[in-house]
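Visitor:
There are 2 protein chains.
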Amino acid sequence: MKGSFSAETRVGREGVTVTLDDLKEKMANFAEERDWDQFHSPRNLLLALVGEVGELSEIFQWKGEVPRGLPDWQEQEKLHLGEELSDVLLYLIRLSDVCGIDLGKAALRKLELNAQKYPVHLCKGSSQKYYQIHNSKDDVPQNGV
Amino acid sequence: MKGSFSAETRVGREGVTVTLDDLKEKMANFAEERDWDQFHSPRNLLLALVGEVGELSEIFQWKGEVPRGLPDWQEQEKLHLGEELSDVLLYLIRLSDVCGIDLGKAALRKLELNAQKYPVHLCKGSSQKYYQIHNSKDDVPQNGV
Numbered sequence: 001m002k003g004s005f006s007a008e009t010r011v012g013r014e015g016v017t018v019t020l021d022d023l024k025e026k027m028a029n030f031a032e033e034r035d036w037d038q039f040h041s042p043r044n045l046l047l048a049l050v051g052e053v054g055e056l057s058e059i060f061q062w063k064g065e066v067p068r069g070l071p072d073w074q075e076q077e078k079l080h081l082g083e084e085l086s087d088v089l090l091y092l093i094r095l096s097d098v099c100g101i102d103l104g105k106a107a108l109r110k111l112e113l114n115a116q117k118y119p120v121h122l123c124k125g126s127s128q129k130y131y132q133i134h135n136s137k138d139d140v141p142q143n144g145v
Numbered sequence: 001m002k003g004s005f006s007a008e009t010r011v012g013r014e015g016v017t018v019t020l021d022d023l024k025e026k027m028a029n030f031a032e033e034r035d036w037d038q039f040h041s042p043r044n045l046l047l048a049l050v051g052e053v054g055e056l057s058e059i060f061q062w063k064g065e066v067p068r069g070l071p072d073w074q075e076q077e078k079l080h081l082g083e084e085l086s087d088v089l090l091y092l093i094r095l096s097d098v099c100g101i102d103l104g105k106a107a108l109r110k111l112e113l114n115a116q117k118y119p120v121h122l123c124k125g126s127s128q129k130y131y132q133i134h135n136s137k138d139d140v141p142q143n144g145v
């Protein structure tokens, strides 16, 4: 697999640009080659994802607040962090795939829903939830975008 | 935002193909427009992600085993599932971004590491962990790909 990117991976402005479809395909091939489809039921994958979120949380658990960009972290720690973030991502993509959900399409739709739930003029600089900022009937977001 | 895809989103074989960089950029813009960068510290985002994993788990928690493709689920349930999967994805991408981790690059590297940890000839059809299948010194995967 090393050095070989499928048609779904392309070179963007800052180097390799990775698509969700590409990772989905790579995960599906990985499982198929190993005859692991038998283990990749939705709930097995969800629990695997939960396990990886635990490993991700472990990295941060005793550190107190950490500044953005992690200026004081060793390269090895950042590498480890990248691995745990990736494990969550890869199981999330695989879970979406076996559930028949188009994750990229769903994410774009969710961003639109979020923009409706949190209009700039109502939530700028505020961490309130959407049901706290929408105080008139006209501001209630519509479902089913 | 509706209907407008940046240069990082392109039309693939099956419709819109979404890149991690595109979602990263959209999330960064979303936060900046709302002056939410002040809330997006690494650990705040990690806890937000954990919260969303909880909401994702809720969807599956009392169902028992569910078959791949979710053939018996209502469209509304699948839509909801897509939203929760997306929430996890979007916080994961945002967390990676504020930590300065290139998630796409990290994910490709992790796939290579996984291929080394789980060679097809040693793990085909088996759900054993890598330290169980590597029983000779020669089979131990090398770190630092």
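Residue numbers (the numbering used here), protein chains in the order written: chain A, 1 to 145; chain B, 1 to 145.
Here a beta-carbon is modelled for each residue, glycine too, at the ideal position from N, C-alpha and C.
These numbers were taken from a predicted model, which means no experiment stands behind them.
Would you mind sorting TYR91 (chain B) into buried or exposed? The rule is 16 or more other CB atoms within 10 Å of its CB.
Guide: Sequence index remark: in the second sequence, residue 91 (chain B) carries index 91 (1-based). Buried, because 16 or more other Cβ atoms sit within 10 Å of the Cβ of TYR91 (chain B).
Visitor: Which of helix, strand or coil does DSSP assign to VAL16 (chain B)?
Guide: For the purposes of this step, residue 16 (chain B) is identified with residue 16 of the second sequence, where counting begins at 1. In the three-state scheme derived from DSSP, where H, G and I count as helix and E and B as strand, VAL16 (chain B) is classed as strand.
Visitor: Flag GLN38 (chain A) as yes if its beta-carbon sits less than 9 Å from any beta-carbon of chain B, otherwise no.
Guide: On the first sequence, residue 38 (chain A) is found 38 positions in, with the first residue counted as 1. Chain B, which has a Cβ nearer than 9 Å to the Cβ of GLN38 (chain A), makes this yes.
Visitor: So what does DSSP say about PHE39 (chain B), is it helix, strand or coil?
Guide: Along the second sequence, read from residue 1 onward, the residue named residue 39 (chain B) stands at position 39. Three-state DSSP puts PHE39 (chain B) in coil, outside helix and strand.
Visitor: Going by the CB atoms, is the gap between ILE93 (chain A) and LEU103 (chain A) shorter than 9 Å?
Guide: Against the first sequence, residue 103 (chain A) aligns to sequence position 103. Against the first sequence, residue 93 (chain A) aligns to sequence position 93. If you check the CB distance, LEU103 (chain A) and ILE93 (chain A) come in under 9 Å.
Visitor: Counting only runs that start and end within the segment 69-129 of chain A, where is the beta strand (DSSP E) found for 3 or more residues in a row?
Guide: If we require 3 residues or more, the segment 69-129 of chain A turns out to have no beta strand (DSSP E) run fully inside it.
Visitor: Taking only beta carbons into account, state which residues of the segment 90-108 of chain A come closer than 8 Å to chain B, listed in chain order.
Guide: LEU90, LEU92, LEU95, SER96, VAL98, CYS99, GLY100, ILE101, ASP102, LEU103, GLY104, LYS105, ALA106, ALA107, LEU108
Visitor: Can you give me the C-alpha to C-alpha distance between GLU83 (chain B) and GLU77 (chain B), rounded to a whole angstrom?
Guide: Start at 1 with the first residue of the second sequence, and residue 83 (chain B) comes out as number 83. Start at 1 with the first residue of the second sequence, and residue 77 (chain B) comes out as number 77. One C-alpha to the other measures close to 10 Å.
Visitor: Which residues, taken in chain order from the segment 107-122 of chain A, show a beta carbon closer than 8 Å to some beta carbon of chain B?
Guide: ALA107, LEU108, ARG109, LYS110, LEU111, GLU112, LEU113, ASN114, ALA115, TYR118, VAL120
Visitor: Would you say ILE63 (chain B) faces chain A, with C-beta separation under 9 Å as the test?
Guide: For the purposes of this step, residue 63 (chain B) is taken as the residue at position 63 of the second sequence. The sequence given here has Lys at residue 63 (chain B), not Ile. Taking Cβ atoms only, chain A reaches closer than 9 Å to LYS63 (chain B), which makes this a yes.
Visitor: Quick one: which chain B residues come within Cβ less than 9 Å of GLY82 (chain A)?
Guide: Residue 82 (chain A) sits at position 82 when you count from the first residue of the first sequence. Within chain B, the residues near GLY82 (chain A) are SER96, CYS99, ILE101, ASP102, LEU103, LYS105, ALA106, ALA107, ARG109, LYS110.
Visitor: Within 10 angstroms of the Cβ of HIS87 (chain B), are there 16 or more other Cβ atoms? Answer buried if so, exposed if not.
Guide: For this step, residue 87 (chain B) is matched to residue 87 along the second sequence. According to the sequence as given, residue 87 (chain B) is Asp; it is not His. Buried, by the Cβ-count rule.
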